[in-house]
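Q: Just so you know, we're using UniProt numbering here: the sequence shown kicks off at 1 and counts up by one.
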Amino acid sequence: MQRYLQRIRGNQVKRVDETVRAIAARALAARLVLVVAAVVAVSAFFFGLAPPAAVAVGWLAVSIAALIGAVPAGDETETPDEVSEPGEGRIDFGDLPRFLDEIDLAIYLLAADGTVLFQNRSAGSTFGSFPLGSHISARMRAPGVLDIIRDTLANGRSNQIEYSERLPSERVYLVRVAPVADTEGSRPVFMLILRDISEARRIDRMRSDFVANASHELRTPLASLRGYIETLQGPAKNDAKAQERFLPIMLDQATRMSRLVDDLMSLSRLEAKAHLSPDQKVKLNALLEHVRDSLLPLAEELDVAINLFLPEEPVIVNGDNDELVEVFENLIENACKYGAEGGRVDVYLKPLENGGTEVSVVDYGPGIPAEHVPRLTERFYRVSVADSRSKKGTGLGLAIVKHILTRHRARLVVKSAVGKGTTFTVRF
């Protein structure tokens, strides 16, 4: 491999030397052209031409000489300004290892027999260090990957495949192998590249799940509305009791769809401005009192007491007032609904020693099983679908909370124990 790279660098140095000599020859020719043009102009003046005419003759001589000098000889070396046709140049691998180490893709250089000539830093950190000179099959065991490597080594054509691993964690890679050099008199070199596309595939799955779930959530109330409307237009057209019974149900289903659409639009708006940090000054003491007052009718209906534990001095954070109201309305409302059997919800506001701020919403209800806690902020994820729908939830509330807190550079921490209640903590 070293001899191969040295040969290529030698060819490059030779071409540069030839180019420099050609440029020097042209510069000398240009100086001679200027001298000849000056002699012509002076001679014309001495032969009796007026000075303007003598200058014009000189410029004419310069132009003719320049045109003659601009025509290259047939054996001249190509100058740096001229562009080679595709495929005519050669690749200089002199600094290739240093360059490849700076790329965040796993890259291997292979010989024609499949042995590894080089691996970059990213390949070593992702798949472990690999002894040079070993066959690539000692590292890559997937049959599909080995098949495209064998095909490229044998036929010299590029190949690409998507490859996934299940252990130790699920990862998806886009694998590409292609020839990168084949200089006469030297061994060909092939490049194997593995690009991690796990995050892109996860986002694709989330997007598909989101569309499917949103469609399902809208389809159910729409089907209910359609059924009641058809009934009222048909058999119950003149039935006052049926109308009195069906119309409140229809209103409830329409309201459910309206809530879902509002939540979807909120998510869309939050995603559009997720990179913009809010810069308003928000007094959390007053904000939490406002949220408590707005939820008192619901708390009284559920027979739940909302208790605030606030410091005397004002606690101020950078944020968007309306978005933070939405965060704490969601958390306290959920605590009232799902922890109603505990009879109370406690809200604590505490400044932290490191300069941050913490707000905790504590309920004393049935709690959440540990396996559900990591997925609570996923869109449409519900611990109990029937329980959520009976409490008129859309399955998007905590997803909205997560997006708002991400925009505020804050964290949501959830702690829960079955039979002991749940604590949602927001840390700014």
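Backbone N, C-alpha and C fix where the C-beta goes; we use that ideal spot for every residue, glycine too.
Small disclaimer: the values here were computed from a predicted structure and weren't measured.
Spatial neighbours of K281 within its chain, please: C-beta separation below 6 Å, excluding the five flanking residues on both sides.
A: Against the sequence shown, residue 281 aligns to sequence position 281. So the list reads I316, once near-sequence residues are dropped.
Q: Terminal residues of the continuous beta strand (DSSP E) containing K273?
A: Working through the sequence shown from its first residue, we reach residue 273 at position 273. From DSSP, K273 is part of no beta strand (DSSP E); its letter is neither H nor E.
Q: When the distance is taken between beta carbons, is A178 closer than 8 Å to M191?
A: For the purposes of this step, residue 191 is taken as the residue at position 191 of the sequence shown. For the purposes of this step, residue 178 is taken as the residue at position 178 of the sequence shown. For M191 and A178, yes; Cβs fall inside 8 Å.
Q: Residue range of the beta strand (DSSP E) that R139 falls in?
A: The sequence position of residue 139 within the sequence shown is 139, counting from 1. Unbroken run through R139: none, as it is neither H nor E.
Q: Among R409, D104, S134, which has the Cα closest to the Cα of T125?
A: As a first step, residue 125 is located in the sequence shown; it is residue number 125 there, counting from the start. For clarity, residue 125 is Ser in the given sequence; the question names Thr instead. Checking every option, the nearest Cα to that of S125 belongs to D104.
Q: Quick check: does the Cβ of F118 come within less than 7 Å of any heavy atom belonging to the ligand GDP?
A: The model on display carries no ligand, and the ligand GDP is accordingly not part of it.
Q: Could you tell me which residues DSSP puts in a beta bridge with M191?
A: Taking the sequence shown and counting its residues from 1, one reaches residue 191 at position 191. Bridge partners of M191: L109, A178.
Q: Under the assumption that V175 contacts V145 (Cβ atoms under 8 Å), give the Cβ distance between them as a whole number of angstroms.
A: Translated into positions along the sequence shown, residue 175 becomes position 175. Translated into positions along the sequence shown, residue 145 becomes position 145. Their Cβ separation, rounded to whole angstroms, is 5 Å, which keeps V175 and V145 in contact under 8 Å.
Q: Applying the criterion that 16 or more other CB atoms from any shown protein chain within 10 Å of the CB defines a buried residue, is Q119 buried or exposed?
A: Within the sequence shown, residue 119 is the residue found at index 119, counting from 1. Its Cβ being crowded by 16 or more others within 10 Å, Q119 is buried.
Q: In the DSSP assignment, what residue or residues form a beta bridge with residue 452?
A: The requested residue 452 is not part of the displayed model; the chain covers only 1 to 428.
Q: Reducing DSSP to helix, strand and coil, say where Y381 ends up.
A: Translated into positions along the sequence shown, residue 381 becomes position 381. Three-state result, Y381: coil.
Q: Ignore the nearest five residues each way along the sequence and tell me which others in L267's own chain have a CB closer than 8 Å to its CB.
A: In the sequence shown, residue 267 corresponds to position 267, counting from 1. So the qualifying residues of the chain are R379, L396, A399, I400, H403.
Q: Under 8 Å, do P221 and R256 count as touching if we go by C-beta distance?
A: Walking along the sequence shown from the start, residue 221 turns up at place 221. Walking along the sequence shown from the start, residue 256 turns up at place 256. In contact: P221 and R256 (Cβ atoms closer than 8 Å).
Q: So, at 6 Å on beta carbons, what are the nonlocal neighbours of H408 in its own chain, with the 5 sequence-adjacent residues on each side left out?
A: Within the sequence shown, residue 408 is the residue found at index 408, counting from 1. G319.
Q: Give the single residue among F328, E312, L264 whose Cα lies nearest to the Cα of I306.
A: Mapped onto the sequence shown, residue 306 falls at position 306. It is F328.
Q: Please classify L247 as buried or exposed, where buried requires at least 16 other C-beta atoms within 10 Å of its C-beta.
A: On the sequence shown, position 247 is the one that residue 247 refers to. L247 should be labelled exposed.
Q: What do you get for I332, buried or exposed, if any count of 16 or more other CB atoms within 10 angstroms of its CB means buried?
A: Indexing the sequence shown from 1 puts residue 332 at position 332. Flag for I332 reads buried.
Q: Do the segment 234 to 246 and the segment 276 to 295 meet, that is, are 3 or more Cβ pairs less than 8 Å apart?
A: No: fewer than three Cβ pairs fall under 8 Å.
Q: Please name the residue in A242, A214, A240, A254 whose C-alpha comes closest to that of L225.
A: The count along the sequence shown starts at 1 and reaches residue 225 at position 225. Closest by alpha carbon: A254.
Q: Which runs of the alpha helix (DSSP H), 4 residues or longer, sit entirely within the segment 231 to 287?
A: Here the runs fully enclosed are 240 to 272.
Q: Going by C-alpha to C-alpha distance, which of N334, R171, D252, T115 sits closest to F127?
A: The residue you call residue 127 lines up with position 127 of the sequence shown. Out of N334, R171, D252, T115, R171 has the C-alpha closest to the C-alpha of F127.
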